[in-house]
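Undergrad:
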Amino acid sequence: MRRRAPMRNSGTIVACVLAVLVAGCAAGGTVRGWPGVGGNRTGPEAGCPPIMSHFDDPMNNYGTRDRMLSNDPPWNKPHSGIDFDVPAGTPVLAVADGLVTPIMYNELSPIGAISMVLYHGEDTDGRYVFSFYSHLSEQRKKPGERVRRGEVIALSGTTGTKEAHLHLSLWRTPVGPHPTAFRAFMWRAIGRSDRSILADPALSWADPRRPGFDPGRSYAERPIRLTYPLPCTAPPVR
266 MRRRAPMRNS
276 GTIVACVLAV
286 LVAGCAAGGT
296 VRGWPGVGGN
306 RTGPEAGCPP
316 IMSHFDDPMN
326 NYGTRDRMLS
336 NDPPWNKPHS
346 GIDFDVPAGT
356 PVLAVADGLV
366 TPIMYNELSP
376 IGAISMVLYH
386 GEDTDGRYVF
396 SFYSHLSEQR
406 KKPGERVRRG
416 EVIALSGTTG
426 TKEAHLHLSL
436 WRTPVGPHPT
446 AFRAFMWRAI
456 GRSDRSILAD
466 PALSWADPRR
476 PGFDPGRSYA
486 ERPIRLTYPL
496 PCTAPPVR
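Using the numbering used here, you'd call the opening residue of the sequence shown number 266 and step up by one each time.
(1) Sorted by chain position, which residues of the same chain lie with C-beta nearer than 6 Å to Ser461's C-beta, five sequence neighbours on each side aside?
(2) Considering only residues of the same chain and omitting the five flanking positions on each side of Leu283, which have a CB-CB separation below 6 Å?
(3) Arg437 and Ala359 - do their beta-carbons sit closer together than 8 Å?
(4) Quick one: what's got a C-beta closer than 6 Å to Leu401's C-beta in the same chain, skipping five residues either side?
(5) Straight-line CA distance for Pro439 to Pro473?
(6) Restricting to runs no shorter than 3 residues, where is the beta strand (DSSP E) found entirely within the segment 367-435?
(7) Is Val394 buried or exposed, if buried means 16 or more other CB atoms sit within 10 Å of its CB?
(8) Do you know offhand how far Thr366's Cα is from Leu433's?
(9) Can you give me the Cβ contacts of Arg411 inside the same chain, cut-off strictly under 6 Å, excluding the 5 residues immediately before and after it?
(10) With a Cβ-Cβ cutoff of 8 Å, do Asp465 and Phe320 count as a contact?
(11) Can you list, in chain order, the residues of its chain with a C-beta nearer than 6 Å to that of Phe447? Leave out the 5 residues immediately preceding and following it.
(12) Pick helix, strand or coil for Ala464, following the three-state DSSP scheme.
(13) Can you check which of these residues, Lys406, Gly312 and Asp362, is closest to Val490 by C-alpha distance?
(14) DSSP puts Arg437 in a beta bridge; with which residues?
(15) Restricting to Cα atoms, I'd like to know which of Asp388, Ala449, Ser483 and Cys313 is closest to Val357.
(16) Quick one: grab the DSSP three-state call for Pro444.
(17) Considering only the alpha carbon of each residue, which of Thr445, Ser483 and Lys406 lies closest to Val382?
(18) Tell me the rounded alpha-carbon separation between Tyr578 and Arg475.
(19) By how many angstroms is the C-alpha of Gly409 removed from the C-alpha of Ser469?
(20) I'd like the span of the beta strand (DSSP E) that includes Ser318, first residue to last.
(21) Applying the criterion that 16 or more other CB atoms from any shown protein chain within 10 Å of the CB defines a buried residue, is Ala485 buried or exposed?
(22) Please report the residue range of the beta strand (DSSP E) in which Leu364 lies.
(23) Where do the ends of the beta strand (DSSP E) carrying Val357 lie?
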């Protein structure tokens, strides 16, 4: 299924809460390339698109004008995920097996971004794991569909931002995807300026040296580890 803009802007609590979590993902920063796992420059060697804004980057690294226009609240200036430098129309891949949720699916964020949220289940530590993809041009899957790791779920775009890129957030919450419980928790967490549910996706790769999805490889179900949300061109190392 393909879904494109336009969509309706949302004034609901969950839209505002999720926009807070996305804070800082507007592009406009300096491309810093691979996050440097151990400083070994393995990202470019793996043929994966570079990261342009990292988790917890300060506001001045990207998108100051976009933030002003979207009226982001002051407590969410550190980046809530990572941004990948890719042109619009790049296939976006599921980072792990999961379920497409209705969260933010049929509504634009307050900054006008098309987004998707996948639910990946309960991890070994009892936390519930979600991945959030934003600034999309198209959604290729619909709520309720199960997807496999590496499956195309969307196309990257420029919605809600000035420059084409993909934003990815990783949420590890104490509540599952039940709408009432999830919304209530997210609101309380943001109200307390609590970033404890946010995790750095770049620290959760299944294989930091070769993070790209390898269709010939078996990935453990638990603990939940991620593969790159975008195609990597280098051949995998077995």
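For each residue, glycine too, the CB sits at the ideal point set by N, CA and C.
TA: Let me lay it out:
(1) Within the sequence shown, residue 461 is the residue found at index 196, counting from 1. Taking C-beta separations shorter than 6 Å and ignoring five residues to either side along the sequence, Ser461 has no partners in its chain.
(2) By one-based count along the sequence shown, residue 283 stands at place 18. At Leu283 the pLDDT is 47, less than 50, meaning the model places this residue with poor confidence; the figure from the coordinates comes in the next sentence. By the criterion of a C-beta distance shorter than 6 Å, Leu283 is surrounded in its chain by Met369, once the five residues flanking it on both sides are discounted.
(3) Looking up residue 359 in the sequence shown gives position 94. Looking up residue 437 in the sequence shown gives position 172. No. Outside cutoff.
(4) One-based indexing of the sequence shown puts residue 401 at position 136. In its chain, beyond the 5 residues on either side, Ile379, Ala419 and Gly422 have a beta carbon closer than 6 Å to the beta carbon of Leu401.
(5) For the purposes of this step, residue 439 is identified with residue 174 of the sequence shown, where counting begins at 1. For the purposes of this step, residue 473 is identified with residue 208 of the sequence shown, where counting begins at 1. A straight line joining the alpha-carbon of Pro439 with that of Pro473 spans about 26 Å.
(6) The segment 367-435 contains these whole beta strand (DSSP E) runs: 379-387, 393-404 and 417-421.
(7) Translated into the one-based positions of the sequence shown, residue 394 becomes position 129. With 16 or more other Cβ atoms from the protein chains shown falling within 10 Å of its own Cβ, Val394 counts as buried.
(8) Numbered from 1 along the sequence shown, position 101 holds the residue referred to as residue 366. Numbered from 1 along the sequence shown, position 168 holds the residue referred to as residue 433. One C-alpha to the other measures close to 16 Å.
(9) Position 146 of the sequence shown holds residue 411. Leu364.
(10) Position 200 of the sequence shown, counting from 1, holds the residue named residue 465. Position 55 of the sequence shown, counting from 1, holds the residue named residue 320. For Asp465 and Phe320, yes; Cβs fall inside 8 Å.
(11) To locate residue 447, count along the sequence shown from 1; it is residue 182. Within the same chain, Val440 come within 6 Å of Phe447 by CB-CB distance, once the 5 residues on both sides are set aside.
(12) One-based indexing of the sequence shown puts residue 464 at position 199. Here Ala464 sits in strand by DSSP.
(13) Taking the sequence shown and counting its residues from 1, one reaches residue 490 at position 225. Note on residue identity: the sequence assigns Arg, not Val, to residue 490. When Lys406, Gly312 and Asp362 are compared, the shortest CA-CA separation from Arg490 is found for Asp362.
(14) Numbered from 1 along the sequence shown, position 172 holds the residue referred to as residue 437. Val394.
(15) Numbered from its first residue, the sequence shown carries residue 357 at position 92. Of the residues Asp388, Ala449, Ser483 and Cys313, the one whose Cα lies closest to the Cα of Val357 is Cys313.
(16) Mapped onto the sequence shown, residue 444 falls at position 179. It is helical.
(17) What you label residue 382 is simply residue 117 of the sequence shown in a count that begins at 1. When the alpha-carbon of Val382 is set against those of Thr445, Ser483 and Lys406, the nearest one is in Lys406.
(18) It is not possible to answer for residue 578, since the shown part of the chain is limited to 266 through 503.
(19) For the purposes of this step, residue 469 is taken as the residue at position 204 of the sequence shown. For the purposes of this step, residue 409 is taken as the residue at position 144 of the sequence shown. Straight-line Cα distance between these residues: approximately 25 Å.
(20) As a first step, residue 318 is located in the sequence shown; it is residue number 53 there, counting from the start. It spans Ile316 to Ser318 - the beta strand (DSSP E) in which Ser318 sits, taken as one unbroken run.
(21) If you number the sequence shown from 1, residue 485 lands on position 220. The C-beta of Ala485 has fewer than 16 other C-beta atoms within 10 Å across all chains shown, which makes the residue exposed.
(22) Translated into positions along the sequence shown, residue 364 becomes position 99. Following the DSSP letters along the chain, one finds Leu364 inside the beta strand (DSSP E) bounded by residues Gly363 to Val365.
(23) Counting from 1 along the sequence shown, the entry for residue 357 is found at position 92. In the DSSP assignment, Val357 falls within the unbroken beta strand (DSSP E) covering Pro356 to Leu358.
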